[in-house]
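**Student:** Numbering (my numbering), first residue to last: -15 to 279.
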Amino acid sequence: MQEQTKSLFQLHFAVLLFGGTALFSHLLPWSAVDITLFRTAIAAVALALIIKFQGDAIALKSRRDYFIALVLGVSVGLHWVTYFYSMQLAGVAVGMLSFFCYPVVTVFLEPLFSKTRPHRRDIACALLVFVGVYLLVPELTLQNNTTLGVIIGVISGILFAIRNVLHKRYFSHYKGTQAMFYQTTVVALMLLPFMEFNPLDMTGFWVDGKLGEFGLLLLLSLIFTAAPHSFLANCFKHLSAKTAGLISCMQPVYGVVLATIVLGQWPELMVYIGGFLIVIAAVTETVLITRNRHG
-15 MQEQTKSLFQ
-5 LHFAVLLFGG
5 TALFSHLLPW
15 SAVDITLFRT
25 AIAAVALALI
35 IKFQGDAIAL
45 KSRRDYFIAL
55 VLGVSVGLHW
65 VTYFYSMQLA
75 GVAVGMLSFF
85 CYPVVTVFLE
95 PLFSKTRPHR
105 RDIACALLVF
115 VGVYLLVPEL
125 TLQNNTTLGV
135 IIGVISGILF
145 AIRNVLHKRY
155 FSHYKGTQAM
165 FYQTTVVALM
175 LLPFMEFNPL
185 DMTGFWVDGK
195 LGEFGLLLLL
205 SLIFTAAPHS
215 FLANCFKHLS
225 AKTAGLISCM
235 QPVYGVVLAT
245 IVLGQWPELM
255 VYIGGFLIVI
265 AAVTETVLIT
275 RNRHG
């Protein structure tokens, strides 16, 4: 198998795993805060061991970078909590699709730093996302869990876009393992005072012929978090940024399919239509951004 073909399969598998993280919002019977706390705590320990094993430096280069790491950690922590909470309220499909407004949000955030104006096509994509998100909303009242889940999902997307823009501008000179170690550590420490679930009450790895809570947590932290990040790092050696960006737009599609198979969650017709518009907008922005970089 050629390296490019192998990388393509790895990339699809990585995006499939990222889409699969959404399942744990329902597989684990915990709050969004507890899921994020335990997930990041395990990830931070694993990343620390990887950094030590590779012989890399763990310290940052300046005090300013520690402050940036703190800001990034708070941003991504709030993103993860709102992401899981959105799916717990509205279901996996609606939660994931409302969050996936972030590629378009990113296009509007970056000009704030580069002091440029968004293009008309960006505004058109934003309107497409707005229509798509509107179609996800069953009724305009916060008393409806689905509507509330959509709003929280959009907030999660905005937080994720903020974190990505800040990371690219102020923290991209650090290796991925080092950057994520600090961010996951900040998230775990930030959420610790709000922990609701006693880890001593956690069921074991295997209970009554199926994965227990500890087994599901390890699956989320290692297989659905650490593994896809490793696959992504390998893929960039043989695939273009355009290919990676386009395939990443499949994440909500994979997530919805997995939720249907594993959780039995069947979205309504309007969710499919709204999701289609959101994914089309994300794909369009990915193509345009890549074309601008290389053209």
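All C-beta atoms in this analysis are idealised placements derived from N, C-alpha and C, irrespective of residue type, glycine included.
Identify every run of the alpha helix (DSSP H) within the stretch 185 to 240, keeping only runs that are complete inside it and at least 4 residues long; order them along the chain.
**Tutor:** Taking only runs of at least 4 residues, the alpha helix (DSSP H) segments lying wholly in the stretch 185 to 240 are 197 to 202, 211 to 219, 225 to 232.
**Student:** Please state the DSSP three-state secondary structure of residue 60.
**Tutor:** Counting from one through the sequence shown, the residue named residue 60 turns up at place 76. It is helical.
**Student:** How big is the Cα-Cα spacing for residue 215 and residue 119?
**Tutor:** Residue numbering aside, residue 215 sits at position 231 when the sequence shown is read from its first letter. Residue numbering aside, residue 119 sits at position 135 when the sequence shown is read from its first letter. Between residue 215 and residue 119, the C-alpha separation is close to 34 Å.
**Student:** Can you round the beta-carbon distance between residue 85 and residue 3 to whole angstroms, since I take them to be within the 8 Å contact cut?
**Tutor:** Within the sequence shown, numbered from 1, the residue matching residue 85 stands at position 101. Within the sequence shown, numbered from 1, the residue matching residue 3 stands at position 19. Their Cβ separation, rounded to whole angstroms, is 16 Å, which puts residue 85 and residue 3 out of contact at 8 Å.
**Student:** Give me the Cα-Cα distance between residue 105 and residue 256, rounded to the nearest whole angstrom.
**Tutor:** Numbered from 1 along the sequence shown, position 121 holds the residue referred to as residue 105. Numbered from 1 along the sequence shown, position 272 holds the residue referred to as residue 256. Those two C-alpha atoms are separated by around 23 Å.
**Student:** Does the stretch 81 to 95 come into contact with the stretch 134 to 154, if we say contact requires no fewer than three beta-carbon pairs (one atom in each stretch) closer than 8 Å?
**Tutor:** Touching, yes.
**Student:** Just to check my reading of the structure: residue 97 and residue 48 have Cβ atoms closer than 8 Å, yes? What is that Cβ distance to the nearest angstrom?
**Tutor:** Looking up residue 97 in the sequence shown gives position 113. Looking up residue 48 in the sequence shown gives position 64. Wrong, their Cβ atoms sit about 16 Å apart, outside the cutoff.
**Student:** Does DSSP put residue 109 in a helix, a strand or coil?
**Tutor:** Numbered from 1 along the sequence shown, position 125 holds the residue referred to as residue 109. Helix, per DSSP.
**Student:** Thinking just about the alpha-carbon of each residue, which of 247, 103, 199 is nearest to the one in residue 71?
**Tutor:** Residue mapping note: residue 71 aligns to position 87 of the sequence shown, counting from 1. Closest option to residue 71, Cα to Cα, is 247.
**Student:** Does the beta-carbon distance from residue 200 to residue 8 come in below 8 Å?
**Tutor:** Sequence index remark: in the sequence shown, residue 200 carries index 216 (1-based). Sequence index remark: in the sequence shown, residue 8 carries index 24 (1-based). Yes, these two residues count as a Cβ contact at 8 Å.
**Student:** Just mark residue 182 as buried or exposed, buried being the case when its beta carbon has 16 or more other beta carbons within 10 Å.
**Tutor:** Position 198 of the sequence shown, counted from the start, is the residue given in the question as residue 182. Classification of residue 182: exposed, given that the 10 Å Cβ count is below 16.
**Student:** Note down, in chain order, each residue of its chain lying with its Cβ closer than 8 Å to the Cβ of residue 92, except the 5 sequence neighbours on either side.
**Tutor:** Here residue 92 is taken as the residue at index 108 of the sequence shown, counted from 1. The residues are 102, 106, 110.
**Student:** By Cβ distance below 8 Å, which residues in the same chain neighbour residue 73 in space, the five residues on each side in sequence not counted?
**Tutor:** The count along the sequence shown starts at 1 and reaches residue 73 at position 89. Contacts found: 79, 129, 130, 132, 133, 136.
**Student:** Distance, Cα to Cα, residue 286 vs residue 23?
**Tutor:** A query on residue 286 cannot be resolved here, the shown segment of the chain reaching from -15 to 279 and no further.
**Student:** Once you ignore the five residues that flank residue 112 on each side, which residues in its own chain have a CB closer than 6 Å to its CB?
**Tutor:** Taking the first residue of the sequence shown as 1, we reach residue 112 at position 128. Around residue 112: 261, 265.
**Student:** Quick one: residues in its chain with C-beta nearer than 8 Å to the C-beta of residue 165, no 5 flanking neighbours on either side, listed in chain order?
**Tutor:** Locating residue 165 in the sequence shown gives position 181, counting from the first residue. Correct list, in chain order: 28, 31, 32, 35, 42.
**Student:** From residue -5 to residue 236, what distance separates their C-alpha atoms?
**Tutor:** What you label residue -5 is simply residue 11 of the sequence shown in a count that begins at 1. What you label residue 236 is simply residue 252 of the sequence shown in a count that begins at 1. Near 15 Å, if we compare the C-alpha coordinates of residue 236 and residue -5.
**Student:** What's the call for residue 64, buried or exposed, on a 16-neighbour Cβ count within 10 Å?
**Tutor:** Along the sequence shown, one-based indexing puts residue 64 at 80. Buried, by the Cβ-count rule.
**Student:** At what residues does the alpha helix (DSSP H) containing residue 27 begin and finish?
**Tutor:** Within the sequence shown, numbered from 1, the residue matching residue 27 stands at position 43. Start and end: 16 to 38.
**Student:** Does any CB atom of chain B fall closer than 8 Å to the CB of residue 20?
**Tutor:** This model lacks chain B altogether, as it is built from one protein chain only.
**Student:** Can you look up residue 51 in the DSSP assignment and give me helix, strand or coil?
**Tutor:** As a first step, residue 51 must be located in the sequence shown, where it is residue number 67. Correct three-state label for residue 51: helix.
**Student:** Who are the near neighbours of residue 122 in its chain, counting only those whose CB is closer than 7 Å to its CB and skipping five residues on each side?
**Tutor:** The residue you call residue 122 lines up with position 138 of the sequence shown. Within the same chain, residue 122 has close Cβ partners 128, 130, 131.
**Student:** Going by C-alpha to C-alpha distance, which of 239, 53, 206, 202 sits closest to residue 155?
**Tutor:** Mapped onto the sequence shown, residue 155 falls at position 171. When each option's Cα is compared against that of residue 155, the closest is 53.
**Student:** Is it the case that the Cβ atoms of residue 69 and residue 16 are separated by a distance below 8 Å?
**Tutor:** Position 85 of the sequence shown, counted from the first residue, corresponds to residue 69. Position 32 of the sequence shown, counted from the first residue, corresponds to residue 16. Yes.
**Student:** How about residue 77 and residue 251: are their beta carbons less than 8 Å apart?
**Tutor:** To locate residue 77, count along the sequence shown from 1; it is residue 93. To locate residue 251, count along the sequence shown from 1; it is residue 267. For residue 77 and residue 251, yes; Cβs fall inside 8 Å.
**Student:** When you compare the CB positions of residue 1 and residue 178, do they come within less than 8 Å of one another, or not?
**Tutor:** Within the sequence shown, numbered from 1, the residue matching residue 1 stands at position 17. Within the sequence shown, numbered from 1, the residue matching residue 178 stands at position 194. No.
**Student:** Using the rule of at least 16 other Cβ atoms within 10 Å of the residue's Cβ for burial, across every protein chain shown, is residue 46 buried or exposed?
**Tutor:** As a working note, residue 46 is residue 62 in the sequence shown. Its Cβ having fewer than 16 others within 10 Å, residue 46 is exposed.
**Student:** Within 10 angstroms of its Cβ, does residue 151 collect 16 or more other Cβ (buried), or is it exposed?
**Tutor:** Numbered from 1 along the sequence shown, position 167 holds the residue referred to as residue 151. Burial call: buried.
**Student:** Report the three-state DSSP secondary structure of residue -4 (helix, strand or coil).
**Tutor:** Taking the first residue of the sequence shown as position 1, residue -4 is located at position 12. In the structure shown, residue -4 sits in a helix (DSSP, three-state: H, G or I).
**Student:** For residue 146, collect the residues of the same chain with a Cβ closer than 8 Å to its Cβ; drop the 5 residues on either side in sequence, then sort them by chain order.
**Tutor:** Locating residue 146 in the sequence shown gives position 162, counting from the first residue. The answer, listed in chain order, is 59, 93.
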